[in-house]
Amino acid sequence: MENLLVRAARGERTERPPVWLMRQAGRHIPEYREIRDAYSFLEAIKTPEVAAEITLLPWEYYRPDGLVMFSDILTVLEPLGFDYRIESGVGPVVENPVSGPDDVDREPGDVAEEISYVGELLDRLDERVGDETALIGFAGGPFTLASYAVAGEPSRTHLPLRKLRARHPEAFRTLLAAFADVVREYLQFQIDHGADVVQLFDTYAATLSPADYREFLLPLHRRILADLDAPSIVFVRRMNGRLEQLEATGADVIGLDWTVEIGQARERLGDRPVQGNLDPSYLFGDPSFVRERTREVIEAAGPRGHILNLGHGVDKDTPVESVEAFVDTAKAFSWD
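Taking our numbering, the leading residue of the sequence shown gets 9, the next gets one more, and so forth.
What follows is the structure, given as structure tokens:
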């Protein structure tokens, strides 16, 4: 029988909800910290055997229904000529950010060549557990990537990119389109190397007004996700009240953050599969609290086309026993 997560992503009724966690590959797991003592973050993601070891940690702990590759959304900066590093206490820093409206028309390099280490990682994972669980690939979305590329570092308001949109709308459009083309190629590259499902993280896209999202970004999301050779998930944080825009992306699955009431989302989205959406902070409760809240999400989402997940990434200080309670609740659940 086909993998449970893939079946749910296609909208099928499943005997229980498949489960995985965004950012599950590391951080909260003790062995991850031990590995990171020996490797920097970029060394870890660019060394396939190390990245595979980290990816497999949650498999060894929890046996989730999907393994998300250990990587980073900024890898696709490389084919567009951006150099970046991870700076402690700051986060990603782009060393050669966009200098102005004349610096946005970029000719991409060869994705398969410049990010070959991701293909090697997925090949390793496919050989190791490809018949036992779904492999999940991902990429950052155009707005989120462009925010880093223009600001040069994380930005809470994404004002540098929004200024570019206000002052130079065509340059804004050109930059987003350049990222969209690379992201599209990158997601298909992951599928070609064994990814069973792919997720587009345009986490910050809700910073755009609904009108700007519709004009500038929705066509690009549709272009990225159209006709991929595997089911796709789209995730944008804080889109409560704008779910119809996510539905219009054409993604097979709509990712929901924890600000969305999942039962109401199901009513609005009809038969469209959804993913989510337990509040990540709930995993700091005791296991009985986690099990209770997890069951509430499962029951509100229903048996058809629901992938259980958090409403955002698992926090690095989350207790292992709480993640166990979350995953085990899904595995013990039955709609029969």
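We treat Cβ as the ideally placed atom computed from N, Cα and C, and that holds for glycine.
Cβ pair residue i, residue j closer than 8 Å
i    : j    : result
L184 : A213 : no
H314 : P288 : no
V76  : F146 : yes
I199 : L236 : yes
L208 : F243 : yes
A60  : A52  : no
T337 : T302 : yes
D134 : G34  : no
L101 : R93  : First, the residue type needs correcting, since residue 101 is Val and not Leu in the sequence shown. Contact flag set, yes.
E39  : L65  : yes
G284 : L254 : no
V322 : L29  : yes
Identity of the residue in the options nearest residue i by Cα
i    : options                : result
A4   : Y194, L85, Q207, E95   : Only positions 9 to 344 of the chain appear in this structure, which leaves residue 4 out of reach.
V298 : V242, A333, I199       : A333
L143 : P116, L316, D73        : D73
A308 : P281, V328, P288, Q272 : Q272
P109 : K324, P87, V126, P177  : P177
S240 : R231, V205, R192       : V205
K324 : R31, P25, R15, P26     : R31
D113 : P100, A157, V268       : A157
Y125 : S296, T22, E57, I43    : E57
F292 : P311, V328, I306       : V328
P150 : L169, G34, E20, V98    : L169
A234 : V191, N248, D220, L216 : V191
E252 : I232, R222, W266       : R222
Y69  : R276, P311, I37        : I37
K54  : D80, V98, P66          : D80
V27  : W343, K339, E10        : K339
D210 : N11, T257, F49, R274   : T257
G138 : R250, E122, L13, E23   : L13
R246 : P218, A238, R230, P227 : P218
Span of the beta strand (DSSP E) around residue i
i    : result
Y92  : 92-95
V331 : Element bounds for V331: not the beta strand (DSSP E) but the alpha helix (DSSP H), 328-340.
Residues bridged to residue i (per DSSP)
i    : result
L208 : A147, V242
I315 : Q283
P100 : I94
G74  : A142
R21  : R312
V261 : I241
V27  : L316
For residue j and residue i, believed in contact at Cβ under 8 Å, the rounded distance
i    : j    : result
P281 : D294 : With 8 Å as the limit, P281 and D294 do not qualify as a contact, their Cβ atoms being about 31 Å apart.
E103 : D91  : 4 Å
P87  : P116 : 5 Å
A159 : P105 : 7 Å
P25  : A17  : Not really, about 12 Å apart at Cβ, beyond 8 Å.
Alpha helix (DSSP H) segment containing residue i, residue limits
i    : result
Y125 : 124-137
G271 : 270-277
I53  : 49-54
I232 : 226-233
K171 : 167-175
A214 : Premise fails: A214 is in no alpha helix (DSSP H) and is neither H nor E.
Q253 : 251-255
Neighbour flag for residue i against chain C, beta carbons, 8 Å
i   : result
M77 : Among the chains of the structure shown, chain C does not appear; only one protein chain is present.
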